[in-house]
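Position one of the sequence shown corresponds to residue 343 (the numbering used here), numbered consecutively onward. Structure record follows, encoded as structure tokens.
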Amino acid sequence: MKKLVDLLTFELENAFEKAGYDKQYAKVTLSNRPDLCEYQCNGAMAAVKVYRKAPIMIANDVVAALEGCVCIEKVEAVNPGFINITLDAAFVAEYLKNMNAEEKLGVSEPNKVKTIVVDYGGANVAKALHVGHLRPAIIGESVKRIGRYVGHQVIGDVHLGDWGSQMGLVMMELKRRQPELPYFDESFEGEYPKESPFTIEELGEIYPTASAYAKENEAFKEEALQATYLLQNGHRGYTALWRHIMNVSLPDLKKNYSALNVEFDLWKGEADAKPYIADMVQYLKDEGYAREDQGALVVDVKEDTDTKEVPPCMILKSDGAALYATTDLATLVEREKLYQPDQVVYVTDKRQEMHFEQVFRCAKKTGIVRQETELKHIGFGTMNGKDGKPFKTRDGGVMRLEELVGDINDKMYEKIIENRAIEEEEARETAKKVGLAALKYGDLSNQAAKDYVFDVDRFISFEGNTGPYILYTIVRIKSILAKYVESGKEVALCEIQKAESASAKALMLEVAKFNSVMEGAYEELAPHKICAYIYDLSNAFNRFYHETKILSEENEARKAGYIALLSITKRVLETCIDVLGFEAPERM
Ligand code: ARG
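Here you go:
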């Protein structure tokens, strides 16, 4: 379905031509003066250069040519040359009816269905999931869902950090504690035990201990690095131990992600790139892309147009060890082989910007990906505490994700039982849903690249620009619709009618923006645009609700019209929160 702005632009194009002007000036946008009009066209001002006339004269000609246009109720030329448009209410109602008849509420199928890999999550195995993993999970999940809604084939890959130095650290710490284990016996040729030598709780403690010890003990640090190197080169005992670390960690990671309503199609990691590394390195050497630099293997990626220093992309360290860039490049080799993606989107901390710049350039330059493959990095900002410093626990430690989610749910629970009498179990379930909305909306409503303040008390508020406010609006609509159905009527039979009040018109105009917002959020990889939209839409709804007698309306046809409007508003809101990755309870 065509977007409302495009339909209007089309009308204006005809009018510009009819009045003797080029239609390239006919672009219509949302009004930035909603007090004056709903949409506007500023083309008359730009056309001045060509036609050498006062812009107001051009605008007047266009307005005259718009005479009789059915979608417009009122159009005015305003000094110095704005064209202000107010839409015809019946036309807007018709537009909403058409939206309502479509499964995707007016979002058109893409011209070409793209295969998109979204690489997000990026948890590091053997380390506890902490708040630093919140943003990639929340943002990536939403980017994935938006892409899918728009009609693309999107594959979500967690791309675990399962191959780095933390593995060596964990293994060597274990060796300190249990040197007798067969994994550390170089002469051991038998079968390694099937049982893991540690539980998830123990693993959670082993890594921080090892990491702290490595900071004060250089020899231990060296040993851990060496162990990582040996693991990467197929050491038998370490590979067996690595498998235990993976087997113990994965169920825990899955549990944590699923509590966030985050689901991956692929549970791959850096280690999966391993089989591709040797051939890739050989290829880079053979084709003359890679050169040696102080023993290391690098690919130059700087370009003449660079305004900042872009260092060469490091492929192998001087000791031959693979690096972060190596596994990312080899993963692209694998993705190319298995999925031929049209686009790969990475969601990480923005401090990794340079890494991705190097990797992307290297992949393009060397033909690891096709020239037309779009490689994108969404670099997000830091989640800060109220003190403006990176978010920490009260005692200054790194907060575990489980703890954070648990805290929010508890606070939400308190709020819910305070509000009304409700069964314990339902209150807990509701608290979980609303808590997740608070958390996700609190994050997603900020532009990803910006730092933001993690303010739980604000996030869980039922008022203001928050997740719970949006859910509250949906719940309110659900309750009205349920009462209507209880009175023996059917929502499905209702027809949207033309607005008779300013608040109804404003609500309808918000609803009508849905396709435009969704497509825009997809193109810009910007979930915050959906948040801003549903906040506006909720405000428009609540204003309408407060100003309108809905269920007590006596004219049945008019009442049915209101119900239809509520029903499409609910569909739009629910679709939006679904792509943001949360859902509304029945009551709250
Ligand atoms: N494990 C990495 C980290 O904790 C994130 C991985 C992101 N994905 C990627 N392909 N590099 O920073």
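Idealized CB from N, CA, C, for every residue including glycine.
Considering Cα atoms alone, identify which of the options is closest to residue i.
i           : options            : result
residue 610 : 464, 762, 892, 380 : 464
residue 497 : 700, 713, 685, 702 : 685
residue 859 : 501, 809, 876      : 876
residue 933 : 523, 653, 767, 715 : What the structure shows of the chain is the stretch from 343 to 930, and residue 933 is not part of that stretch, so it cannot be assessed.
residue 722 : 423, 479, 560      : 479
residue 453 : 477, 445, 343, 429 : 343
residue 891 : 847, 917, 929, 822 : 822
residue 355 : 510, 621, 402, 408 : 408
residue 696 : 651, 725, 672      : 651
residue 664 : 380, 575, 394, 733 : 575
residue 537 : 622, 927, 524      : 524
residue 638 : 761, 628, 719, 662 : 662
residue 643 : 854, 666, 704      : 704
residue 603 : 405, 781, 353, 930 : 781
residue 863 : 442, 490, 475      : 490
residue 809 : 591, 353, 784, 732 : 784
residue 353 : 375, 405, 670, 377 : 405
residue 905 : 836, 457, 467      : 836
residue 443 : 834, 724, 766      : 834
residue 972 : 351, 375, 377      : In this structure the chain extends from 343 to 930, so residue 972 is not present and cannot be described.
residue 372 : 625, 507, 428      : 428
residue 413 : 398, 432, 424      : 432
Is it buried or exposed, residue i, if we count other Cβ atoms within 10 angstroms and call 16 or more buried?
i           : result
residue 583 : buried
residue 426 : buried
residue 683 : buried
residue 648 : exposed
residue 909 : buried
residue 912 : buried
residue 748 : exposed
residue 448 : buried
residue 504 : buried
residue 317 : Because the chain in this structure spans residues 343 to 930, residue 317 falls outside the shown range and cannot be described.
residue 851 : buried
residue 730 : exposed
residue 593 : exposed
residue 591 : buried
residue 853 : buried
residue 435 : buried
residue 475 : buried
residue 761 : exposed
What I want to know is whether the C-beta of residue i ends up closer than 6 Å to one or more non-hydrogen atoms of the ligand ARG.
i           : result
residue 430 : no
residue 377 : no
residue 726 : no
residue 670 : yes
residue 482 : no
residue 527 : no
residue 719 : no
residue 586 : no
residue 598 : no
residue 611 : no
residue 472 : no
residue 501 : yes
residue 461 : yes
residue 423 : no
residue 498 : no
residue 457 : no
residue 690 : yes
residue 464 : yes
Where does residue i sit, in a helix, a strand or coil, going by DSSP?
i           : result
residue 519 : helix
residue 732 : strand
residue 547 : helix
residue 564 : helix
residue 360 : helix
residue 794 : strand
residue 838 : coil
residue 720 : strand
residue 875 : helix
Practice task
Examine the Cβ distances between the stretch 484-497 and the stretch 536-553 and report whether three or more of them are shorter than 8 Å.
Solution key: Verdict: no, contact absent.
Practice task
Please confirm if the stretch 407-422 is in contact with the stretch 819-835, defined as three or more CB-CB distances below 8 Å between the two stretches.
Solution key: no
Practice task
Count the C-beta pairs between the stretch 557-569 and the stretch 611-631 that are closer than 8 Å, then say yes if the count reaches three, no if not.
Solution key: Contact between the stretch 557-569 and the stretch 611-631 is absent, with fewer than three C-beta pairs closer than 8 Å.
Exercise for the section: Specify whether the stretch 646-661 and the stretch 621-633 touch according to this definition: at least 3 beta carbon pairs, one from each stretch, less than 8 Å apart. Expected result: yes
Exercise for the section: Pair every Cβ in the stretch 471-485 with every Cβ in the stretch 515-524, then say whether three or more of these pairs are closer than 8 Å. Expected result: no
Exercise for the section: Could you tell me whether the stretch 776-790 touches the stretch 841-854, where touching means 3 or more Cβ pairs closer than 8 Å? Expected result: no
Exercise for the section: Pair every Cβ in the stretch 385-399 with every Cβ in the stretch 353-372, then say whether three or more of these pairs are closer than 8 Å. Expected result: yes
Exercise for the section: Tell me, please, whether the stretch 491-511 touches the stretch 598-610 by the rule of three or more beta-carbon pairs shorter than 8 Å. Expected result: yes
Handout entry: the stretch 798-815 contacting the stretch 862-880, beta-carbon criterion three pairs below 8 Å
Key = Remark: three or more beta-carbon pairs, one from each stretch, lie closer than 8 Å, so the stretch 798-815 and the stretch 862-880 are flagged as touching.
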